[in-house]
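Working notes for the structure below.
Protein chains: 2
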Amino acid sequence: MEIIKGISEMHKKAKEFRLNGMKIGFVPTMGALHEGHLSLMRRARLDNDIVVISIYVNPIQFGPLEDYKTYPRDLESDAKKAQDVGVDIIFAPMDKEMYQDKFSTFVEVENLTSVLEGRSRPSHFKGVTTVVCKLFNIVKPDVTYFGQKDYQQALVIKRMIRDLNFDIELQVLPIIRDKDGLALSSRNNYLSEKERRSATILFECLQKARELLENGERDSSKILHEMRSMIEKRELVNIDYVEIVDSENLERIPWVKGELLVALAVRIGKTRLIDNMLWSENK
Amino acid sequence: MEIIKGISEMHKKAKEFRLNGMKIGFVPTMGALHEGHLSLMRRARLDNDIVVISIYVNPIQFGPLEDYKTYPRDLESDAKKAQDVGVDIIFAPMDKEMYQDKFSTFVEVENLTSVLEGRSRPSHFKGVTTVVCKLFNIVKPDVTYFGQKDYQQALVIKRMIRDLNFDIELQVLPIIRDKDGLALSSRNNYLSEKERRSATILFECLQKARELLENGERDSSKILHEMRSMIEKRELVNIDYVEIVDSENLERIPWVKGELLVALAVRIGKTRLIDNMLWSENK
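Chains A and B are the protein sequences, given in the same order.
Note that the first sequence covers residues 0 to 282 in numbering that gives the first Met the number 0.
Note that the second sequence covers residues 0 to 282 in numbering that gives the first Met the number 0.
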């Protein structure tokens, strides 16, 4: 495994792979790798000749009051994990090369980014689509892998790939959870023991939503009310949003029909956590 | 020569060329090809294994009151000209494939696009950078060619290439002029005979600016005043803007220093024409 920091070196390598007809699988990450990330890499390993991951804490996708500075960074430990699952290249660029003097080009997906995470984190997706566009151009993948944990992000990237005609296949893989159901996230590291115990509420109320849906409940407001009451009873947890939306356009659906997404974000102490569940009437 | 209309067919072709190690030169156009375009294609022919041009009147770079509907379209005559200079592929996509249902992703270069043409045509460059990003992803060129006639456009594309890490070299080639000095433009077709005679004022006042600069004038306002008076004396011509700016950041320079751009836009009847001249103190 190789760690590449220079953009032009990565360009050159990727061009070489392409020229040799090798299929490149790409997993963009911000590091602090956990089993969620590793599941994407294992899948990329199965499907491709070359597996590239990026580790880059992208400053422009954090809001001014968010956790950019404290976001966990440990390249050494990440590199070990990546090597163990068969990654070929870690691309870990530097800020000053990624965002040069007078950087002024941005990629934006409209509409899809104005709801859910986009409503709570106004310039977040602009930062995500811009950096992913850059990484796609540098790494030149055939296939890219995203986790369903950030469902809206995956949907936004899917739209960007379609609209800007990137010749890249997007694979979205399932959420990986801890034994108690908490979705894996690098931000779980921020939680105290007590907060960690409260955090299971995200999965618990998604389970409750599933149960209601399976039992035939179709009125979204009733399901959401039930979820909110559960969360409000839980110590230390504050709701950011709980929503039931169409899984394609992310518009709220008052009455359940077709394929939907139940998505929520909460704050536990200083930590913001998200989770979601896809559900379809016609399984 | 081949005319390709389907995006996926173009993707496939470009991928094949790349895989065979062939160098792709790309000239994006809106058709109505003239010697300006052809000079780019001839240069592309010299430098590359494969020359691709696109012919696409991109709806999203026209304002609501602009000439999208009347812009000249003649694929047959364009194809003949392209073939004569050795173009391999004309990529001529369809609107409904370029801008699918719920198209919502845009590429924007900030700052550089708020002056000159960007001030007069507010969403123009957003449309240009978005379509060029799409075309780059589809055609996968090694080198792309733009004319200096649209100097600001070339500069904006250069910034986009740098910021988004496109692995593409940009070549900007000189303005091609008619015998009387009028810069070639597809929009010259709109001019009546009388308007055509008035239109030489653009080049004439750029020549005047050059003369003043060569003679040591360094006060931009004096040069601009001289240019404006010349234009105002010419029948049928209305000034949109006349400016002297830094050739890198396009900021106005009151006192001439380093490399500068003299740029102007005028309206003659319903036709809007632009022209420009680079000038450097240290030649």
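Built from N, CA and C at the ideal position, the CB exists for glycine as well.
query	result
Contact residues within the segment 93-106 of chain A, judged by C-beta distance below 9 Å to chain B	M97, Y98, Q99, K101, F102, S103, T104, F105 and V106
Any C-beta of chain A under 8 Å from that of K133(B)	yes
One or two residues paired with N237(B) in a DSSP bridge	R266(B)
Residues of its chain near L163(B), where Cβ-Cβ distance is below 8 Å and the 5 sequence neighbours each way are ignored	V106 and C132
Interface partners of M29(A) on chain B, CB under 8 Å	Result: empty, since nearest Cβ-Cβ is about 18 Å, beyond 8 Å.
Any chain B beta carbon closer than 8 Å to F165(A)	yes
Per-residue contacts from E258(B) into chain A (C-beta, under 7 Å)	Near E258(B) there are no residues of chain A at all, since even the closest Cβ is about 16 Å away, more than 7 Å.
Buried versus exposed call for M93(A) [16 or more other C-beta atoms within 10 Å across all chains shown]	exposed
C-alpha gap between N187(A) and L169(A), whole angstroms	26 Å
A182(A) (DSSP reduced to helix, strand or coil)	strand
Residue-level contact to chain A via CB, G85(B), 8 Å cutoff	no
Beta bridge counterpart(s) of Y189(B) as assigned by DSSP	Answer is none; Y189(B) lacks a bridge partner.
Integer Cβ distance of V51(B) from D100(B), believed to fall under 8 Å	Rounded, the Cβ-Cβ distance is 27 Å, inconsistent with contact.
R161(A) to S76(A) span [Cα, whole Å]	35 Å
Cβ distance (whole Å) where I243(B) is taken to contact I230(B) below 8 Å	In fact, because the Cβ distance is near 15 Å, the residues do not count as touching under 8 Å.
Nearest to K3(A) (by Cα), restricted to the options P63(A), I89(A) and S197(A)	The question names Lys, yet the displayed sequence has Ile at residue 3(A). Taking only the C-alpha atoms, the option nearest I3(A) is I89(A).
Residues that DSSP places opposite L272(B) in a beta bridge	V265(B)
Residue-chain proximity (I309(A), chain B), Cβ-Cβ < 8 Å	Nothing can be reported for residue 309(A), as the shown portion of chain A is limited to 0 through 282.
Uninterrupted beta strand (DSSP E) stretches inside the segment 118-197 of chain A (no shorter than 3 residues)	142-146 and 168-172
Bridge-paired residues (DSSP) for V108(A)	T104(B)
Min CB distance E109(A) to chain B below 8 Å	yes
Which of helix, strand or coil DSSP assigns to D245(A)	strand
Beta-ladder partner(s) of D218(A), from DSSP	W254(A)
8 Å Cβ cutoff, G24(B) in contact with chain A	no
One or two residues paired with G24(B) in a DSSP bridge	V50(B) and V142(B)
Beta-carbon gap between I23(B) and P140(B) smaller than 8 Å	yes
Minimum Cβ-Cβ distance from D48(B) to chain A less than 8 Å	no
Contacts around Q147(B), its chain only, beta-carbon distance under 6 Å, and the 5 residues preceding and following it disregarded	V171, P173 and I174
Beta carbon of L37(B) nearer than 8 Å to that of V108(B)	no
CB of T270(B) within 8 Å of CB of L190(B), strictly	yes
Proximal residues of chain A, C-beta to C-beta of I54(B) below 7 Å	Simply none; closest approach about 17 Å.
Residues that S279(A) bridges to, as DSSP identifies them	E258(A)
Where E1(A) sits in the DSSP three-state scheme	strand
Chain A residues whose Cβ lies nearer than 7 Å to that of I6(B)	N164
T112(B), buried or exposed, once every other Cβ within 10 Å from all chains shown has been counted against 16	buried
Short Cβ contact (8 Å threshold) for R209(B) with M276(B)	yes
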